[in-house]
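Only one structure is covered here, and it is reproduced in the block below.
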Amino acid sequence: DTAVSQTPKYLVTQMGNDKSIKCEQNLGHDTMYWYKQDSKKFLKIMFSYNNKELIINETVPNRFSPKSPDKAHLNLHINSLELGDSAVYFCASSQRTGGGGIQYFGAGTRLSVL
Amino acid sequence: DQQVKQNSPSLSVQEGRISILNCDYTNSMFDYFLWYKKYPAEGPTFLISISSIKDKNEDGRFTVFLNKSAKHLSLHIVPSQPGDSAVYFCAASYTGTASKLTFGTGTRLQVTL
């Protein structure tokens, strides 16, 4: 039973399209995150939500909009996709915010923009 | 500005020997450090962590050492096994109103027979 699940695993799309990635966690955690791993394999935080409230927004373009319908879900919508958006996107969750918490990751969504 | 650095992109170790993976950080506010292991096409998996109030934490074959004055931590794997072959990421966070993990760029460990 997967703790943090992301769909889809692979996403291939054309420039200019709008796409969404879904994330769900069944760990009962309060905090969820989106990370981006770029071509240099560098994992970097994008957003964090705690109980449906945005708490971290790391200067990500406005084309990226996270949405948290409830604390078990954090979806990522991307508008007007660009070539540079090609990356692997990871969702994660932790029991609490404020540091010192272990984050559990999903398997990732590999986005390829053509 | 990369606040967490793993200067060795790869490491090859013989089965049964010790693997030592290193990590340096620059932000003195970091007070919690984690190591994650990642296999291809999977997400990072938590391995072991250490709080800044400690200098060592051990879990089976894995031990993490923290040297705060040097802003350096290391992960020791003894004995190394072929299944340990993966990319290892060092990550750091600090206590505050919001938390995020700042990752290093990873070290690819290859354990050979």
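Protein sequence lines correspond, in order, to chains P and L.
The numbering used here numbers the first residue of the first sequence as 1 and each following residue consecutively.
The numbering used here numbers the first residue of the second sequence as 115 and each following residue consecutively.
Glycine is no exception: its CB is placed at the ideal position from the N, C-alpha and C atoms.
Quick caveat, the model's predicted, so the values are computed rather than measured.
Verify the CB distance criterion: does E58 (chain P) have a CB-CB separation below 9 Å to chain L?
Closer than 9 Å: yes.
Alpha carbon to alpha carbon, how far is G28 (chain P) from I55 (chain P)?
Approximately 18 Å between the Cα atoms of the pair.
Taking only the alpha-carbon atoms, compute the straight-line gap between D145 (chain L) and Q103 (chain P) and give it to the nearest angstrom.
Rounded to the nearest angstrom, the two C-alpha atoms are 15 Å apart.
Buried or exposed: where does Q128 (chain L) fall if 16 or more other Cβ atoms within 10 Å of its Cβ makes it buried?
Q128 (chain L) should be labelled exposed.
Could you give the uninterrupted runs of the beta strand (DSSP E) lying entirely in the segment 71 to 111 of chain P, keeping only those of 3 residues or more?
List check, beta strand (DSSP E) in window: 73 to 78 and 87 to 94.
What residues in the segment 171 to 184 of chain L bring their beta carbon closer than 9 Å to a beta carbon of chain P?
Residues passing the 9 Å Cβ filter: none.
Is P196 (chain L) helix, strand or coil when you go by DSSP?
Of the three classes helix, strand and coil, the one that applies to P196 (chain L) here is helix, per DSSP.
Thinking C-alpha only, which one of L:G197, L:S199 and L:V192 is nearest G130 (chain L)?
Out of L:G197, L:S199 and L:V192, L:V192 has the C-alpha closest to the C-alpha of G130 (chain L).
Quick check: what's the CA-CA separation for A92 (chain P) versus K185 (chain L)?
A92 (chain P) and K185 (chain L): Cα-Cα distance of roughly 26 Å.
Quick check: is the beta carbon of G106 (chain P) nearer than 9 Å to any beta carbon in chain L?
Yes, G106 (chain P) lies at the interface with chain L (some Cβ there is under 9 Å from its Cβ).
My output table needs one value for R228 (chain L): the three-state DSSP class, helix, strand or coil.
As shown, chain L starts at 115 and ends at 227. That puts residue 228 (chain L) outside it, with no answer to give.
Any beta carbon of chain P sitting closer than 9 Å to that of K214 (chain L)?
Yes, its Cβ sits closer than 9 Å to a Cβ of chain P.
May I ask you to list the residues that DSSP assigns as paired with D138 (chain L)?
Per DSSP, L:K119 and L:H186.
Going by other Cβ atoms of all chains shown within 10 Å of its Cβ, with 16 needed for buried, is Q116 (chain L) buried or exposed?
Flag for Q116 (chain L) reads exposed.
To which residues of the same chain is Y35 (chain P) closer than 6 Å at the C-beta, ignoring the five residues directly before and after it?
These residues qualify, in order along the chain: L43, I45 and F90.
If we define contact as Cβ-Cβ less than 9 Å, is S207 (chain L) a contact residue for chain P?
S207 (chain L) counts as touching chain P.
Bridge partners of S20 (chain P), per DSSP?
Paired residues: P:H77.
With H, G and I counted as helix, E and B as strand and the rest as coil, what does DSSP make of Q224 (chain L)?
Looking at Q224 (chain L) - three-state DSSP - the assignment turns out to be strand.
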